[in-house]
Amino acid sequence: MPWALAILAAGWLSVSTTPAAPERGGELSLAWDAPQACPGREVVLERVEGLLGRSLRDAEASPVRVQARVEPVGEALRLSLRTETAEGRSDREMSGQTCEVLVDAAALVIAVALDPSLALGPEPEPEPEPQPLGDLPECIEPDAIEAQALEPAEPAPAPEPVAGTVRAAVTGSLGPLPLAAPGVEVVAGFVRRQARVELGFDYFFARRVAAASGDDRGGEIQLWTLAARGCWAPGVSILEFPVCGGVQAGPMRGEGYGLSTPTTTRLAWVAAEVGGALLIRGLPLVDVWAGADLVVPLTRPGFFIDDVGLVHRSGGVGGEASVGLEVRFGPGRALERRSR
Numbered sequence: 001m002p003w004a005l006a007i008l009a010a011g012w013l014s015v016s017t018t019p020a021a022p023e024r025g026g027e028l029s030l031a032w033d034a035p036q037a038c039p040g041r042e043v044v045l046e047r048v049e050g051l052l053g054r055s056l057r058d059a060e061a062s063p064v065r066v067q068a069r070v071e072p073v074g075e076a077l078r079l080s081l082r083t084e085t086a087e088g089r090s091d092r093e094m095s096g097q098t099c100e101v102l103v104d105a106a107a108l109v110i111a112v113a114l115d116p117s118l119a120l121g122p123e124p125e126p127e128p129e130p131q132p133l134g135d136l137p138e139c140i141e142p143d144a145i146e147a148q149a150l151e152p153a154e155p156a157p158a159p160e161p162v163a164g165t166v167r168a169a170v171t172g173s174l175g176p177l178p179l180a181a182p183g184v185e186v187v188a189g190f191v192r193r194q195a196r197v198e199l200g201f202d203y204f205f206a207r208r209v210a211a212a213s214g215d216d217r218g219g220e221i222q223l224w225t226l227a228a229r230g231c232w233a234p235g236v237s238i239l240e241f242p243v244c245g246g247v248q249a250g251p252m253r254g255e256g257y258g259l260s261t262p263t264t265t266r267l268a269w270v271a272a273e274v275g276g277a278l279l280i281r282g283l284p285l286v287d288v289w290a291g292a293d294l295v296v297p298l299t300r301p302g303f304f305i306d307d308v309g310l311v312h313r314s315g316g317v318g319g320e321a322s323v324g325l326e327v328r329f330g331p332g333r334a335l336e337r338r339s340r
């Protein structure tokens, strides 16, 4: 209620009570002294009647005398209020910013003096009587649940490790060069489970071929290639059987001999290759590789000598064989070693 908040904000500045002789009479005796701008005595009486909910002329309670004075104090107003009832006399002082606030406060104090029950507030409603619960259903015990041990969830499989490989081998070629040509090979690659990817370099030493039987003129021809291949390598125990396919390309070089003006020619060599190998992985640090490939040239370089004609042309089909040692490194290598 606004008037209650006003009284709490204003507070009681001083309270003194002295006994007084009871007076009789039917009306409230109110002396109201306030500045001209403030509400008058009739307004205070109307607000008291509004709080009581009845007319003061019909009151049957003991008479109450009230003296009230409102005066300015600085920027605020002060209310001095004296009430005399059958129980005694009470003096109060309150302050506020407006006359309306002090009028509401005075009306509340006077109404409580006339009817002390207003200070107690409305009586609380009685609590409802509890309803009878009636017959409760029988408590049924749940069936015993057999405890089952939960199996731990299987962890997600770790990604397959990848190992690196390096291989060095001696090799031989038949078909691209005159006669059989020895060579060397270096291969690097990656292995993941049975899959292999390799990049290799092959060098085949020069082979000499005469322009004709008994002729002291001819050519020396050599070849080096770069090869890219992929392999699938199933295995049993310490043995693996890579099956590979790929392509190789490089320059084939021919140099004439026995000529008044020797010349050198380089021609492109491109070929497809397919083959297989045996990989023995029983040694502690290295593996043993032995492989053979079928080579099908996509280009067939040919070398000629003026006034003589064709000296050499690559064969339509060739073959290569290699034997060497391979080193495998990386986490995949360590895992495979532990598993054996």
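Numbering (this note's numbering), first residue to last: 1 to 340.
Ideal placement from N, C-alpha and C gives every residue a C-beta, glycine not left out.
Under the three-state reduction of DSSP output, isoleucine 305 falls in the strand class.
Between serine 322 and valine 170, the CB-CB gap stays under 8 Å. Annotated three-state conformation of alanine 113 is helix, per DSSP. A Cβ-Cβ contact shorter than 8 Å links alanine 119 with valine 112. Ranked by how close their Cα comes to the Cα of alanine 212, the residues Val296, Leu310, Glu49 have Leu310 in first place.
For a cut-off of 8 Å, the C-beta gap from arginine 47 to aspartate 104 is around 7 Å, short enough to register as a contact.
When C-alpha distances from valine 295 are compared across Ser237, Ala272, Val73, the shortest belongs to Ala272. For glycine 53, the secondary structure class from DSSP, reduced to helix, strand or coil, is coil. By DSSP's assignment, isoleucine 221 forms a beta bridge with Arg207, Gly254. Per the DSSP secondary-structure output, phenylalanine 201 pairs in a beta bridge with Val186, Leu226.
With a cut-off of 8 Å on Cβ pairs, the segment 260-269 is not in contact with the segment 233-242, counting fewer than three such pairs.
Of all alpha-carbon atoms in Ala227, Ile305, Gly316, Leu81, the one lying nearest the alpha-carbon of threonine 299 is that of Gly316. Contact annotation: alanine 168 and valine 186 have beta-carbon atoms nearer than 8 Å. Listed as beta-bridge partners of valine 243 by DSSP are Trp232, Gly276.
By the neighbour-count definition (other C-beta atoms within 10 Å, threshold 16), glycine 96 is a buried residue.
Where valine 64 is concerned, there is no enclosing beta strand (DSSP E), because DSSP gives it neither an H nor an E. Taken atom to atom, the span from the alpha-carbon of leucine 114 to that of leucine 77 is near 25 Å. The closest CA to that of valine 162, considering only Pro152, Pro178, Gln194, Pro176, is found on Gln194. Linking arginine 207 to arginine 253 through their CA atoms gives a straight-line distance of about 11 Å. Of the candidates Trp269, Val274, Phe204, Val286, the residue whose Cα lies closest to the Cα of leucine 325 is Val286.
Aspartate 91: member of the beta strand (DSSP E) spanning 88-96, first to last residue. When the beta-carbon positions are compared, proline 242 and alanine 290 stay at least 8 Å from each other.
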